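In the numbering used here, the protein residues as written are 2 to 344.
Note that beta-carbon positions come from the ideal geometry of N, C-alpha and C, so glycine has one too.
Since the structure is predicted, the reported quantities are computational estimates derived from the model, not experimental observations.
Here it is, written out as structure tokens:
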């Protein structure tokens, strides 16, 4: 599978993203260094929903974009992944060199032993004295012992290398899992959601089973940030995420869709069942409260608006999301803290 996020950018699209990225940096009087340009390009190209949401939030709240803030964004969204991948590359190179070295050494020992046996075969045909025969037999025995010790060392070293490979495999699995997890809330991120949605659509069509999507948005989230600050805003996001997880079961999947919006995939679930789950989630969020642990002060009631919809066999995944997004918008329009079904 192609994991390069830039591999499908055609020339026209890439040129447009280039123009928009430079325009964005110029607008905020930021020098187009490689670091800043990568952030700008990924932002306008939509390569990372989390990056886009973070920068959008800063712009919406009139926070100035600067070289310092972009460095913080780069450190947050890119450095950890880049360092993890480079660490994996170095460890793989080390393992490959060790394996090559062990097999080269083993091959040399086998070649030497083969020469000993060939010479002994020749001597068997030509030797006329017991002394000469005895000396050559001793040579074969000694070389056999040496080869046996060499093979034992090889087995021991290969066992160690296999342990290293298994350790690296586990690290790679962890890196993969982290790349699909929202760092703030601990639930799946948009990348994981998109992959899961594609898989769910395929399974639903193949097995002729229904499934539903739920989109939830935190009501008046900006007010929490403006009134109490971003740290409290983060607490609200984590609270909603943990409530979603608590209300789901089995193969149901919750993800942070972007900003203060969340998405849930409900496999093998018809609309009537999805509506019941959405209402359960809505009530669980609104009945829970957040307060400052240091002084007991309550931050105010947290509520969410929810749009739900069932997949139609003839629609594309993005069409399903658009339908449900309209239902979510309707829930906001009709007073918030409610569930609306997509039509």
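Legend entry - Identified DSSP bridge partners for residue 255: Locating residue 255 in the chain shown gives position 254, counting from the first residue. The partner list for residue 255 (beta bridge, DSSP) reads 265.
Inset, instruction - Starting from the C-beta of residue 198, find all residues in its chain whose C-beta is less than 7 Å away, skip the five residues before and the five after it, and write them out in chain order. - result: What you label residue 198 is simply residue 197 of the chain shown in a count that begins at 1. Only 266, 318 meet the Cβ criterion.
Legend entry - Distance between residue 50 and residue 334 (C-alpha atoms, nearest Å): Start at 1 with the first residue of the chain shown, and residue 334 comes out as number 333. Start at 1 with the first residue of the chain shown, and residue 50 comes out as number 49. Rounded to whole angstroms, residue 334 to residue 50 spans 25 Å at the Cα level.
Legend entry - Length of the line joining the Cα atoms of residue 52 and residue 256: Against the chain shown, residue 52 aligns to sequence position 51. Against the chain shown, residue 256 aligns to sequence position 255. Approximately 16 Å between the Cα atoms of the pair.
Inset, instruction - Mind checking which residues open and close the beta strand (DSSP E) that includes residue 291? - result: Locating residue 291 in the chain shown gives position 290, counting from the first residue. Run containing residue 291: 290-292, per the beta strand (DSSP E) assignment.
Inset, instruction - Kindly list the residues whose CB is nearer than 6 Å to the CB of residue 71, restricted to its own chain and excluding five residues on each side of it in sequence; keep chain order. - result: If you number the chain shown from 1, residue 71 lands on position 70. In the same chain as residue 71, and ignoring 5 residues on each side of it, the C-beta atoms closer than 6 Å to its own belong to 37, 40, in chain order.
Inset, instruction - Leaving out five residues on either side along the sequence, give the residues of the same chain with a beta carbon under 7 Å from the beta carbon of residue 270. - result: In the chain shown, the residue the question calls residue 270 occupies position 269. Closer than 7 Å at Cβ, skipping near neighbours: 211, 212, 213.
Legend entry - Pair within 9 Å by beta-carbon distance, residue 342 and residue 272: Numbered from 1 along the chain shown, position 341 holds the residue referred to as residue 342. Numbered from 1 along the chain shown, position 271 holds the residue referred to as residue 272. Remark: C-beta atoms of residue 342 and residue 272 approach each other more closely than 9 Å.
Inset, instruction - In the DSSP assignment, find the beta strand (DSSP E) that holds residue 250 and state where it starts and stops. - result: The sequence position of residue 250 within the chain shown is 249, counting from 1. For residue 250, no beta strand (DSSP E) run applies, since DSSP gives it neither H nor E.
Inset, instruction - Look at the alpha carbon of residue 19 and the alpha carbon of residue 42, and state the distance between them as a whole number of angstroms. - result: Position 18 of the chain shown holds residue 19. Position 41 of the chain shown holds residue 42. About 6 Å.
Inset, instruction - Measure from the alpha carbon of residue 183 to the alpha carbon of each residue in 282, 222, 253, 261, then state which is nearest. - result: Taking the chain shown and counting its residues from 1, one reaches residue 183 at position 182. It is 261.
Inset, instruction - Return the first residue and the last residue of the alpha helix (DSSP H) that residue 340 is part of. - result: Here the question's residue 340 lines up with position 339 in the chain shown. Element bounds for residue 340: not the alpha helix (DSSP H) but the beta strand (DSSP E), 340-342.
Inset, instruction - Could you please give the first and the last residue of the uninterrupted alpha helix (DSSP H) stretch that includes residue 41? - result: Residue 41 sits at position 40 when you count from the first residue of the chain shown. Start and end: 35-46.
Inset, instruction - Would you kindly report the start and end of the unbroken beta strand (DSSP E) that includes residue 1? - result: Residue 1 is absent from the model: the chain starts at 2 and stops at 344.
Inset, instruction - Please report how far the alpha carbon of residue 331 lies from the alpha carbon of residue 306, in whole angstroms. - result: Here residue 331 is taken as the residue at index 330 of the chain shown, counted from 1. Here residue 306 is taken as the residue at index 305 of the chain shown, counted from 1. Here the alpha carbon of residue 331 sits roughly 9 Å from the alpha carbon of residue 306.
Legend entry - Residue from 340, 281, 222 with nearest C-alpha to residue 300: Counted from its first residue, the chain shown places residue 300 at position 299. For residue 300, the nearest C-alpha among the options comes from 222.
Legend entry - Counted within 10 angstroms of its Cβ, other Cβ atoms place residue 328 as buried (16 or more) or exposed: Position 327 of the chain shown holds residue 328. With a 10 Å radius around the Cβ and a threshold of 16 neighbouring Cβ atoms, residue 328 comes out buried.
Inset, instruction - Kindly identify the DSSP beta-bridge partner or partners of residue 22. - result: The count along the chain shown starts at 1 and reaches residue 22 at position 21. Note: residue 22 sits in no beta bridge, so no partner.
Legend entry - N-terminal and C-terminal residue of the alpha helix (DSSP H) that residue 328 is part of: On the chain shown, position 327 is the one that residue 328 refers to. For residue 328, the uninterrupted alpha helix (DSSP H) run begins and ends at 318-334, by DSSP.
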